[in-house]
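*Asks:* Counting from 1, one number per residue, gives the positions in the sequence shown under the UniProt record's numbering.
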Amino acid sequence: MTLSLCSRVPRQENQQNNPKTMHFAMGLGNQRGVKSISFNKSTLIYGNKTAWWNTDLSKNFLEFHFAKRENPDEKIILLWDDFSAHWTPEVTNYAASLNVLLLKVPLKYTYVCQPADISWNKPFK
1 MTLSLCSRVP
11 RQENQQNNPK
21 TMHFAMGLGN
31 QRGVKSISFN
41 KSTLIYGNKT
51 AWWNTDLSKN
61 FLEFHFAKRE
71 NPDEKIILLW
81 DDFSAHWTPE
91 VTNYAASLNV
101 LLLKVPLKYT
111 YVCQPADISW
121 NKPFK
């Protein structure tokens, strides 16, 4: 299981607007510890100036989990909620190129399909 987190970073660290450079971008004081957590615990920590999940982070998530798998021709089903950044044309096209079939959790059914989102993540929203 991999935990993915998105956090706000200072504006100057986000100037290049490159998702690869935003990975682990938590401020100079915390960066070393964040890298250690990420590499040792299968935790993905992303940062951007809004602390909001976006298209680039969705694509990075897909790349991390599915781009280098052993059987790239094998189809994968990924169940995602209706959040807009999961369903942009760039994300859906990239998922299709990786043989990942994206399916939406129907509105108001998150509690059934994603119980962790209701119980664990709700306090962070």
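Beta carbons are placed, not taken as given, at the ideal position from N, Cα and C, and that holds for glycine.
1) Report all residues from its chain with a CB closer than 6 Å to the CB of THR21; omit the five preceding and five following residues, and keep chain order.
2) So, helix, strand or coil for LYS59, using DSSP?
3) Rounded C-beta distance between VAL100 and LEU62? I'm assuming under 8 Å.
4) Quick check on DSSP: helix, strand or coil for VAL100?
5) Taking the straight line between their C-alpha atoms, what separation do you get for ALA95 and LYS68?
6) Could you tell me the distance, in whole angstroms, from the CA atom of HIS65 to the CA atom of ASP81?
7) How many angstroms separate the CA atom of ILE77 from the CA atom of HIS86?
*Replies:* Here's the rundown:
1) Its pLDDT being 40, under 50, THR21 is placed unreliably by the model, and the measurement read from it follows with that caveat. Cβ within range, chain order: n/a, list empty.
2) helix
3) 6 Å
4) VAL100 sits in a strand when the DSSP states are folded into three classes.
5) 13 Å
6) Roughly 17 Å separates the two Cα atoms.
7) 14 Å
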